[in-house]
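Below is one structure, written out as structure tokens, with a few remarks after it.
Number of protein chains: 2
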Amino acid sequence: MVTVLTDSDIAARLDARTAVGWMRSALLAAHRGELHSPPRVSTSLGDGRLVFTTGALEGEWYGYRSYDSFDSSPGAQVVVVHDLRTGIVRGVAVGNELGPRRVGAIGAVAVDALAVAGASTLGVVGTGVRAWNQLWAISVVRELTEVTVFSRSVERRNAFAARVSAELGLPVVAAPSARETVEGKELVVLATDSPVPVIDASWIAPGSYVTTLGPKQFGRAEFGPDLVARADVAVTDSLAQTAAYDPPFILTGTLQHDRLVSLGAVLAGDVPGPLPGQTVVLCSVGLAGTETYLLAKLLG
Amino acid sequence: MVTVLTDSDIAARLDARTAVGWMRSALLAAHRGELHSPPRVSTSLGDGRLVFTTGALEGEWYGYRSYDSFDSSPGAQVVVVHDLRTGIVRGVAVGNELGPRRVGAIGAVAVDALAVAGASTLGVVGTGVRAWNQLWAISVVRELTEVTVFSRSVERRNAFAARVSAELGLPVVAAPSARETVEGKELVVLATDSPVPVIDASWIAPGSYVTTLGPKQFGRAEFGPDLVARADVAVTDSLAQTAAYDPPFILTGTLQHDRLVSLGAVLAGDVPGPLPGQTVVLCSVGLAGTETYLLAKLLG
């Protein structure tokens with residue numbers, strides 16, 4: 140029999156603190172070259188694409204996550220883990236919980252390592268699944284006393300704030316603008332689908348920390364290179380993925396691109412992290428193999 | 140709950156006649172542009188690769204098969220079918236039965252359409268899974284009275300012949316050479332992993348029919364362009380895949396390449412098939428989407 144985990148299994152078994160710990164281990168394993176994390180690949184199928192992000196942990200397992208761009212919501216992603224020695228499928232996850240939680244956990248690993256220790260104010264632009272999972276995970280690495288959320292829809296931002304309060308127990312307000320959401324905050328999360336910048340880099344206070352999760356390609360990006368220019372330290376969870384975007388990553392060919400360092404390298408201490416008071420930006424692009432890492436851990 | 144089919148489920152539910160009928164429909168759907176069948180994609184993961192062959196049937200489903208090149212035998216392939224409207228996973232197959240049976244069935248569709256109606260003699264070079272599944276499927280489209288099998292290992296070819304006799308009930312002998320296996324036969328199947336040609340094209344009798352399933356790339360191919368040169372009609376199940384090989388398809392850049400026609404086009408009558416007495420070669424490369432087509436049909 141093949142073990143199949145559904146969304147309710149994931150929700151029941153994967154708490155944020157555990158996920159953050161596992162993602163920290165995965166980032167370090169990728170930095171050491173033990174976790175293979177190649178850029179994702181995709182195929183075109185008429186009205187949609189299928190995308191595969193793959194990984195292998197030396198001596199342990201290989202596997203992948205599949206997702207698609209067909210106009211079928213919510214659809215379902217599939218994560219598969221094979222035993223490396225036998226090739227047998229150790230387990231499959233079908234649903235939409237594992238992928239976003241893993242992105243949230245990676246974001247929280249970065250906050251924990253790079254943001255000021257006492258950071259307690261957080262502004263979130265975007266109220267979708269990615270925004271939710273950042274809050275889910277960041278709330279276990281920092282004690283958040285003031286969460287501000289924004290999306291263009293009043294209904295959506297109010298509903299999101301109500302859910303954050305009810306399910307995560309965080310003090311939260313919905314703000315009327317992106318500017319009011321991020322200005323003066325110690326932690327900022329951009330998690331939109333916007334093809335154009337949603338903030339002006341000048342709104343980011345010195346010494347604060349920003350994660351960007353949304354589009355970041357030429358012609359379609361939720362931020363501009365000015366955001367990275369404003370940061371003292373710019374990190375990404377996958378340099379390989381930033382190099383593989385088509386259209387190219389928004390920083391490619393700019394002065395900011397060569398400043399990007401690997402989050403794993405910073406965690407390992409091989410690359411300097413921020414000094415006190417410095418501003419940090421994380422370009423979260425999705426380190427491959429981390430979904431399979433989570434599933435492999437959940438399968439025990 | 141997600142429906143998961145194992146190898147025993149596939150073996151119990153998928154008979155050769157049904158598989159051949161479904162693959163004929165799939166080839167025609169691909170020719171009409173209703174079945175999207177892009178070339179496969181892969182990623183490198185240290186000691187192995189993960190390969191994804193994807194498909195989508197207009198208005199019905201999308202999905203894929205995954206397999207790998209890790210040194211883990213027998214391992215397991217995974218086939219996933221999503222409903223196109225909802226994105227929900229309709230079912231998953233885990234194992235090693237579906238992929239090879241589908242290749243066998245495609246081979247039999249071609250034999251049925253392109254080989255002489257009364258063909259009864261068949262020579263098979265290679266005694267692996269692909270060879271087996273060609274026999275499994277071809278035996279329902281032609282009444283085989285003389286099957287000859289060869290591999291370099293005496294033990295393997297004798298064991299294969301014994302299994303063909305016992306499980307498929309076919310009259311079969313193991314021959315001591317590839318030449319004695321294919322010379323004078325109406326139907327020939329090449330299903331080896333050989334990096335060099337396993338037959339000389341001159342051994343193929345005029346008017347006979349040849350399927351090649353093994354390697355067919357520059358620097359690694361079980362046949363030479365001379366085999367295609369000897370044929371009056373050369374077909375493939377996927378022109379898109381032949382164009383996507385890296386290293387290139389063995390006929391690329393040769394005079395034989397432009398003679399290749401699509402099996403689906405021949406089935407549809409849009410391209411002429413062989414005249415009586417003409418020699419035919421099928422370069423079987425694996426039409427994408429056909430594994431998902433089979434699984435979607437099995438799920439009903």
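Protein chains in written order, with the numbering used here: chain A, 140 to 439; chain B, 140 to 439. Glycine included, C-beta positions come from ideal geometry on N, C-alpha and C.
Cβ pair residue i, residue j closer than 9 Å
i	j	result
glycine 407 (chain A)	leucine 196 (chain A)	In the sequence as presented, glycine is not what sits at residue 407 (chain A); that position holds alanine. Cβ distance not < 9 Å, so alanine 407 (chain A) and leucine 196 (chain A) don't count as in contact.
valine 264 (chain B)	valine 337 (chain B)	yes
alanine 330 (chain A)	valine 280 (chain A)	no
isoleucine 343 (chain B)	valine 349 (chain B)	yes
tyrosine 432 (chain B)	arginine 241 (chain B)	yes
alanine 427 (chain A)	threonine 193 (chain A)	yes
glycine 346 (chain B)	threonine 418 (chain B)	yes
alanine 244 (chain A)	isoleucine 149 (chain A)	no
alanine 373 (chain A)	valine 400 (chain A)	yes
threonine 266 (chain A)	arginine 296 (chain A)	yes
aspartate 376 (chain B)	valine 424 (chain B)	yes
serine 259 (chain A)	glutamate 325 (chain A)	yes
phenylalanine 209 (chain B)	leucine 184 (chain B)	yes
valine 452 (chain B)	leucine 253 (chain B)	The question about residue 452 (chain B) has no answer, for chain B in this structure spans 140 to 439.
methionine 162 (chain B)	threonine 429 (chain B)	yes
serine 94 (chain A)	valine 293 (chain A)	No information on residue 94 (chain A) is available, as it lies outside the stretch 140 to 439 that chain A covers here.
alanine 276 (chain B)	alanine 151 (chain B)	no
threonine 225 (chain A)	serine 211 (chain B)	yes
valine 180 (chain A)	aspartate 251 (chain A)	no
Proximal residues of chain B, C-beta to C-beta of residue i below 7 Å
i	result
arginine 224 (chain A)	Ser211
leucine 189 (chain A)	Thr193, Tyr201 and Tyr203
Partner residues on chain B for residue i, Cβ-Cβ distance less than 8 Å
i	result
glutamate 197 (chain A)	Gly185
glycine 194 (chain A)	Leu184
Where residue i meets chain A, residues with beta-carbon distance less than 8 Å
i	result
tyrosine 384 (chain B)	What tyrosine 384 (chain B) touches in chain A: nothing, since even the nearest Cβ is about 16 Å away.
leucine 434 (chain B)	Per Cβ cutoff of 8 Å: no residues; leucine 434 (chain B) is ~13 Å from chain A at best.
Within chain A, partners of residue i - CB distance below 7 Å
i	result
valine 228 (chain B)	Ala215, Val217 and Val233
proline 177 (chain B)	Thr182, Ser183 and Leu184
Alpha-carbon spacing of residue i relative to residue j, whole angstroms
i	j	result
serine 147 (chain B)	alanine 370 (chain A)	57 Å
proline 213 (chain A)	leucine 223 (chain B)	12 Å
histidine 221 (chain A)	threonine 142 (chain A)	12 Å
glutamine 395 (chain A)	proline 411 (chain A)	17 Å
aspartate 339 (chain B)	arginine 318 (chain B)	8 Å
valine 190 (chain A)	phenylalanine 191 (chain B)	10 Å
lysine 436 (chain A)	leucine 309 (chain B)	49 Å
serine 278 (chain A)	leucine 261 (chain A)	10 Å
leucine 434 (chain A)	tyrosine 201 (chain A)	11 Å
glycine 234 (chain A)	glutamate 322 (chain B)	54 Å
alanine 298 (chain A)	arginine 171 (chain A)	42 Å
valine 218 (chain B)	threonine 351 (chain B)	24 Å
aspartate 397 (chain A)	tyrosine 203 (chain B)	37 Å
isoleucine 227 (chain B)	proline 386 (chain B)	36 Å
proline 239 (chain B)	asparagine 272 (chain B)	6 Å
tyrosine 384 (chain B)	aspartate 332 (chain B)	16 Å
leucine 153 (chain B)	alanine 249 (chain B)	19 Å
aspartate 365 (chain A)	phenylalanine 357 (chain A)	14 Å
glycine 403 (chain A)	alanine 313 (chain A)	34 Å
histidine 175 (chain A)	glutamine 216 (chain A)	21 Å
serine 290 (chain B)	arginine 188 (chain A)	41 Å
proline 354 (chain A)	valine 288 (chain B)	56 Å
glycine 363 (chain A)	proline 178 (chain B)	35 Å
leucine 274 (chain A)	alanine 360 (chain A)	22 Å
aspartate 207 (chain B)	serine 341 (chain A)	48 Å
glutamate 306 (chain B)	threonine 145 (chain B)	20 Å
Interface residues of chain A facing residue i [CB-CB closer than 9 Å]
i	result
valine 143 (chain B)	Met140, Val141, Val143 and Val231
Residue(s) in a DSSP beta bridge with residue i
i	result
phenylalanine 388 (chain A)	A:Gln356
glutamate 282 (chain B)	BP columns for glutamate 282 (chain B) are empty, so no partner.
glycine 230 (chain A)	A:Val220
leucine 144 (chain A)	A:Ala232
tyrosine 206 (chain A)	A:Val190
valine 374 (chain B)	B:Val400 and B:Leu421
valine 264 (chain A)	A:Phe289 and A:Leu329
Proximal residues of chain B, C-beta to C-beta of residue i below 9 Å
i	result
aspartate 207 (chain A)	Tyr201, His221 and Gly226
(message) Going residue by residue through the stretch 301-372 of chain B, where are the continuous alpha helix (DSSP H) segments of at least 4 residues, counting only ones entirely within it?
(response) For the alpha helix (DSSP H) assignment, the uninterrupted runs of no fewer than 4 residues enclosed by the stretch 301-372 of chain B are, from N- to C-terminal side, 317-321 and 364-369.
(request) May I have a chain-ordered list of the beta strand (DSSP E) segments no shorter than 3 residues that lie completely inside the stretch 395-426 of chain B? (result) Entirely contained in the stretch 395-426 of chain B, the beta strand (DSSP E) runs reaching 3 residues are, in chain order, 399-401 and 419-422.
(request) Would you mind listing the alpha helix (DSSP H) stretches within the stretch 151-204 of chain B that are 4+ residues and don't spill past its ends, in chain order? (result) Counting whole runs of 4 or more residues, the stretch 151-204 of chain B contains the alpha helix (DSSP H) stretches 155-170.
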